[in-house]
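Numbering (our numbering), first residue to last: 2 to 259.
Cβ atoms here follow ideal geometry from the backbone N, Cα and C, with glycine treated the same way.
See structure below.
What follows is the structure, encoded as structure tokens:
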């Protein structure tokens, strides 16, 4: 835990909070480094099954990058800044489920970060957009690639070319988020879902996420073969044996994470 990134654990759910409310939780270089460090810690923590990411305060999830860092930056400077592991890729490749709890503005790099998570749950006050075009830029954190996969090519083009913001209900209709709740219910509803997921077998959650994520990269035929391989791999786990035995005995399973 650092000044810019807070970490809290409740049961098997870890909550990571970007803590720059005075800057609408904008992502600067320090925040990204701190997020990377915290996620590496959580990756190896066997006591954590699900990670929830949110923003401090009541107004913003993450309102994009810290634009002040762009002033005077040359193309070479930017390439140098992007040499290190990108937070968005770290999230999408993270072995445990990651939920974005979107409590306000979710713009630019913040929207890209949310799209890198496995699930997005939004407050009815949340606002979404990729406004980079208004700064003479384009999304640089995977937005032009992940947005079409979620909302389709045409809607992604509209949002990218106009920089327009949309509300939570439209984001839900387009498929940018999976759930929308009244603002004062967001935390409870998110924790309810996170707790349900965290109650599953840790090893099976990892296999399930890996299989679904593979659909982003593999043609259908190859993806089905890969899924079959992971399905067979699940048969080698102690949790598969426990899950089947518990089902037949009509009792709750006791997962071992192996």
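What span of residues does the beta strand (DSSP E) with residue i cover, start to end?
{"i": "residue 56", "result": "51–56"}
{"i": "residue 235", "result": "Unbroken run through residue 235 is the alpha helix (DSSP H), 221–235; no beta strand (DSSP E)."}
{"i": "residue 128", "result": "128–130"}
{"i": "residue 198", "result": "Residue 198 -> not in any beta strand (DSSP E); alpha helix (DSSP H) instead, spanning 187–199."}
{"i": "residue 259", "result": "No beta strand (DSSP E) holds residue 259; DSSP gives it neither H nor E."}
{"i": "residue 123", "result": "120–124"}
{"i": "residue 181", "result": "180–182"}
I'd like to check one pair, residue j with residue i: are the Cβ atoms closer than 7 angstroms?
{"i": "residue 178", "j": "residue 123", "result": "yes"}
{"i": "residue 208", "j": "residue 231", "result": "yes"}
{"i": "residue 130", "j": "residue 63", "result": "no"}
{"i": "residue 224", "j": "residue 216", "result": "yes"}
{"i": "residue 117", "j": "residue 138", "result": "no"}
{"i": "residue 36", "j": "residue 88", "result": "yes"}
{"i": "residue 109", "j": "residue 168", "result": "no"}
{"i": "residue 244", "j": "residue 203", "result": "no"}
{"i": "residue 5", "j": "residue 31", "result": "yes"}
{"i": "residue 16", "j": "residue 9", "result": "yes"}
{"i": "residue 26", "j": "residue 61", "result": "yes"}
{"i": "residue 135", "j": "residue 164", "result": "yes"}
{"i": "residue 125", "j": "residue 181", "result": "yes"}
Hey, quick one: how far does the alpha helix (DSSP H) through residue i stretch, first residue to last?
{"i": "residue 95", "result": "Premise fails: residue 95 is in no alpha helix (DSSP H) and is neither H nor E."}
{"i": "residue 144", "result": "144–152"}
{"i": "residue 18", "result": "That residue, residue 18, is in no alpha helix (DSSP H); its beta strand (DSSP E) goes 14–19."}
{"i": "residue 115", "result": "110–117"}
{"i": "residue 6", "result": "Run containing residue 6: none in the alpha helix (DSSP H); it sits in the beta strand (DSSP E), 6–11."}
{"i": "residue 34", "result": "30–44"}
{"i": "residue 249", "result": "239–250"}
{"i": "residue 205", "result": "203–215"}
Assuming residue i contacts residue j (C-beta within less than 8 angstroms), just tell me the rounded distance between them.
{"i": "residue 262", "j": "residue 127", "result": "This structure leaves residue 262 out entirely; the chain is present only between 2 and 259."}
{"i": "residue 191", "j": "residue 100", "result": "6 angstroms"}
{"i": "residue 219", "j": "residue 227", "result": "6 angstroms"}
{"i": "residue 151", "j": "residue 161", "result": "With 8 angstroms as the limit, residue 151 and residue 161 do not qualify as a contact, their Cβ atoms being about 13 angstroms apart."}
{"i": "residue 195", "j": "residue 51", "result": "5 angstroms"}
{"i": "residue 307", "j": "residue 144", "result": "The structure shown has nothing for residue 307, since the chain only spans 2 to 259."}
Assign residue i to one of two classes, buried (16 or more other C-beta atoms within 10 Å of its C-beta) or exposed (fewer than that).
{"i": "residue 90", "result": "exposed"}
{"i": "residue 105", "result": "buried"}
{"i": "residue 59", "result": "exposed"}
{"i": "residue 97", "result": "buried"}
{"i": "residue 21", "result": "buried"}
{"i": "residue 49", "result": "buried"}
{"i": "residue 252", "result": "exposed"}
{"i": "residue 183", "result": "exposed"}
{"i": "residue 85", "result": "Summary for residue 85: the model assigns pLDDT 48, below 50, so the residue's position carries little reliability, and this model does not support an answer."}
{"i": "residue 186", "result": "exposed"}
{"i": "residue 248", "result": "exposed"}
{"i": "residue 94", "result": "exposed"}
{"i": "residue 133", "result": "buried"}
{"i": "residue 197", "result": "exposed"}
Relative to the ligand FMN, is the shortest distance from any of its heavy atoms to the C-beta of residue i smaller than 6 angstroms?
{"i": "residue 153", "result": "Inclusion of the ligand FMN in the displayed structure is not the case, the ligand content being empty and no account of it being possible."}
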